[in-house]
């Protein structure tokens, strides 16, 4: 490839050894010649006969050994240049650096000349590059949009827009959108082989024009006029195969695909899909198939570690059938979350959909609520819940084993049933063995369905686009009227403007200061990656002997008035001059530096001639030249002058670290967070919408069940409702808040570095604004649940109910915020959060009641915040009832109060400690969040 792209020079150098392949290998090790000069004898003059013999021996080696061998130039202690045979697998750090510099030297020498030679070569062989001329004539684009403040993505506007859209579908309310003209009668030509620059202020329609020219306009826009490519309209060819629109926020690569990391890859996929790189199934099918072996391994590891340790049926056939059921559940879950990620398209939406879907799958799956307690008109949800098939497959495989084949104790052996079948019937599971295989087929069928839906979502859904506020003529006129009114009288506005123009300059509210620095050296700890490559030093120097000064009224740019090269050394510090003529004159005075050509950007020329490769070619050190120049001596005199205080100067003194007191910082941070939350409609609107949906669904599912607790199963169903009511919506809060806090923390790092405020006001403000929204969320949720489930309407019981729900949602939000503060990013925080949520779920007291937890694990029950919430809610509502309760397997009934104490370990008299425990969890998570914000810094340079 080097010969193909390098032109005649590389061909000549390669042909000297009679082989393109051997020539390329030699150039890598010896250093490439000057590919832009006809005479390439410099390297050949340095190669002696002994070196040629060594190269000939290397080239006769087998291919595997030949690509590992080479000769690298080295300088001995006496100054002699020799070439020594090297093994590429055993190179030291310096040899690796020298080899890489030799490889990259051709590219760094002169890109412009290289491309020109490539173009000349293309012209010589008669290859004609396709040329396309784009013409647009009388192009007008308009659309309907909300304008002014109504277009802002606030929580109120989002709610009004959604309601208006629903009412507009049935023709009840007209749309408040206005007709906005984006482009009006635009014509022009984009000629081939020319760079066309499109300029205009924000909102002028630049993006809309570019998207129209490549055929990617939004479907809801109305377009008039004509766009042609070499005279052909869009309907006559495929524009995606001819041109592309690349935005300023374009992504060119994706990350590893996962439910949490999918969102970073989706934008790349949408771009490539719309450019017809490949169909959606070509992207989704490999993701599905390549995950199957990983799923098999993960399921096998899980079953091997848990099956016999838990004590399931010991038969080998039962083990493998249990494993098959877990593989089916895992494949179903992977397909489900892929589909939800592709359907949600954003982390907040997808996480909310994921939590709500899990809620439906679990609640309607027959575990939390038994089949007979599901409303008849909701029974279809039981059969479409994948969890139902997984639960039945595992339950049937276990409880139809021979060890569960004894008759129930109370039947005295007269019943045809068995203990296993009795347990299955009690949980409303199937007892027919054929249902195991029906469930297995159902699980794999769901896996296929969800993956097909995943591919369909990739095919038909488009990326979510952020809305932008659009101004209108009415808004502009109102602004002008307000501006005229603020001037006193509209008729005198021109006079006022003239008076303002007469005033020149400005009065600074502070005393101008100078900043001087001299012989600054800066070191950091040597990165572990560089130490692993053989570097023995413990410190890495980033700045070397840097000197300069910043003065008021003089703009200093780090890539102009102050120019540094790689290695942290100054090579120029001085004035630029008009069109950078002083900078150009300084470097042109260096022997060997080529003169700047007409039309070349001085900044581009400066970066090219000061590159490391050019220094090596010219055998000069620009940092040394600057250190010996008159310019350097003048700068030293200026630094000395600025370092000498004026006679009337006073020492700088700031009574406080920050310009505002602590309470003012808290107030400013709170209002900043208020506007951030108010305009984050995607987060808060979805939060309240899902709260209403969860509340209505639970209320309908458990309609007036609060006081109907005559049987054990009634009480267990109500406990399951309590458990799922707090866990799923609380987990939604913890998950969705992480993305918000992650973004806000990035802004916080920048503002803290600028000294705007300290860490604690930010932490207090973040917690305060989140708590306010949780208060409103809890009011909505509590009223829906309490009234629809039919709990006893007393002030004490409702207060307990509201308090525990509110504290639960609060500590879930604090927990999500805390994990983000302790981890580098919200992706890693999501993994950590899920790990501990699994333990909270397992030790919540519903899946395994506290009295049945082994004594050595019972401490974690008290370490699970969800367990305290389930305890508080259930004990406060039914823990004081002495109503009779029928227990499965017992002839004598008991009371609700006794059953709660014996079976669940709940006592009504223990509610006061539970109340304080909730406050303790909130405070713990808050203080750890504040600690992470104050002392941990994950900012990346």
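In this note's numbering, the protein residues as written are 229 to 1169. Ideal Cβ placement from N, Cα and C applies to all residues, glycine included. Note that the coordinates shown come from a computational prediction; the quantities given were computed from them, not determined experimentally.
Same chain, Cβ closer than 6 angstroms to residue i, five either side skipped, listed in chain order
i            : result
residue 667  : 617, 620, 621
residue 922  : 957
residue 723  : For residue 723, the pLDDT reaches just 35, beneath the cut-off of 50, and the residue's location in the model is therefore unreliable, although a value from the coordinates is still provided. No residues qualify anywhere along the chain.
residue 471  : 442
residue 1164 : none
residue 633  : 646
residue 730  : Because residue 730 sits at a pLDDT of 42, beneath the cut-off of 50, its placement in the model cannot be relied upon, and the point is left open.
Residue span of the beta strand (DSSP E) that contains residue i, given as start and end
i            : result
residue 545  : Per DSSP, residue 545 belongs to no beta strand (DSSP E); it is in the alpha helix (DSSP H), 544 to 572.
residue 1127 : That residue, residue 1127, is in no beta strand (DSSP E); its alpha helix (DSSP H) goes 1124 to 1127.
residue 416  : 406 to 418
residue 486  : Taken as a continuous stretch (DSSP letters only), residue 486 belongs to no beta strand (DSSP E), as it is neither H nor E.
residue 749  : 743 to 753
Cross-strand partners of residue i (DSSP beta bridge)
i            : result
residue 798  : 792
residue 451  : 369
residue 1083 : According to DSSP, residue 1083 bridges with nothing at all.
residue 345  : Residue 345 pairs with nothing; no bridge assigned.
residue 313  : 299
residue 461  : 456
residue 1202 : Here the chain comprises residues numbered 229 to 1169, so residue 1202 is not present and cannot be evaluated.
residue 1113 : 1122
First through last residue of the alpha helix (DSSP H) which encompasses residue i
i            : result
residue 370  : Where residue 370 is concerned, there is no enclosing alpha helix (DSSP H), although the beta strand (DSSP E) it sits in stretches over 362 to 373.
residue 667  : 662 to 688
residue 529  : 508 to 538
residue 771  : Residue 771 -> not in any alpha helix (DSSP H); beta strand (DSSP E) instead, spanning 767 to 778.
residue 905  : 890 to 906
residue 978  : 940 to 981
residue 377  : It is not in any alpha helix (DSSP H) - residue 377 carries neither H nor E in the DSSP assignment.
residue 858  : 858 to 871
residue 931  : First-last for residue 931: undefined, no H or E at that position.
residue 810  : 809 to 816
residue 587  : 575 to 591
residue 394  : 383 to 397
residue 834  : 830 to 837
residue 1104 : 1093 to 1106
residue 438  : 434 to 441
residue 291  : 291 to 294
residue 845  : 840 to 846
residue 756  : 756 to 760
Assumed close pair residue i, residue j - CB separation to whole angstroms, cut-off 8 angstroms
i            : j            : result
residue 772  : residue 795  : 6 angstroms
residue 1124 : residue 937  : 6 angstroms
residue 568  : residue 578  : 6 angstroms
residue 591  : residue 929  : 7 angstroms
residue 454  : residue 464  : Not quite, the Cβ-Cβ distance comes to about 12 angstroms (not below 8 angstroms), so this is no contact.
residue 559  : residue 682  : About 13 angstroms; that fails the 8 angstroms criterion.
residue 1046 : residue 1157 : 4 angstroms
Close beta carbons around residue i, own chain, < 7 angstroms, minus the five adjacent residues each side
i            : result
residue 410  : 369, 370, 371, 433, 436
residue 583  : 956, 959, 960, 963
residue 1041 : 961, 962, 965, 998, 1002
residue 481  : Any answer about residue 481 is weak, because its pLDDT of 46 lies below 50 and its placement is not dependable; what the coordinates show is given next. Excluding sequence neighbours, residue 481 sits near 496.
residue 1166 : 1052
residue 702  : In this prediction, residue 702 has a pLDDT of 49, which is less than 50 and means its spatial position is unreliable; nothing more can be read from the coordinates.
residue 1038 : 999, 1002, 1150
residue 580  : 914, 918, 960, 964
residue 1006 : 1030, 1033, 1034, 1037
Cβ neighbours of residue i in the same chain (closer than 8 angstroms, five flanking residues each side left out)
i            : result
residue 1003 : 1034
residue 690  : 498
residue 313  : 282, 286, 297, 298, 299
residue 770  : 750, 751, 752, 796
residue 710  : For residue 710, the pLDDT reaches just 48, beneath the cut-off of 50, and the residue's location in the model is therefore unreliable, although a value from the coordinates is still provided. If we look at residue 710 and ignore the five residues flanking it on each side, it has no Cβ neighbours.
residue 1075 : 1069
residue 487  : With a pLDDT of 48 at residue 487, under the threshold of 50, the modelled position of that residue is not reliable, and the figure given next carries that caveat. Cβ neighbours of residue 487 beyond the five flanking positions: 565, 566, 568, 569, 578, 582.
residue 680  : none
Beta carbon proximity, residue i to chain B, threshold 9 angstroms
i           : result
residue 983 : In the displayed structure, chain B is absent; only one protein chain is listed.
Practice item. Could you tell me which uninterrupted beta strand (DSSP E) segments, each at least 3 residues in length, are contained entirely in the region 998 to 1072, listed from first to last along the chain? Key: none
Review point. Residue ranges of each beta strand (DSSP E) run of no fewer than 3 residues wholly in the region 599 to 632, ordered along the chain?
Key: none
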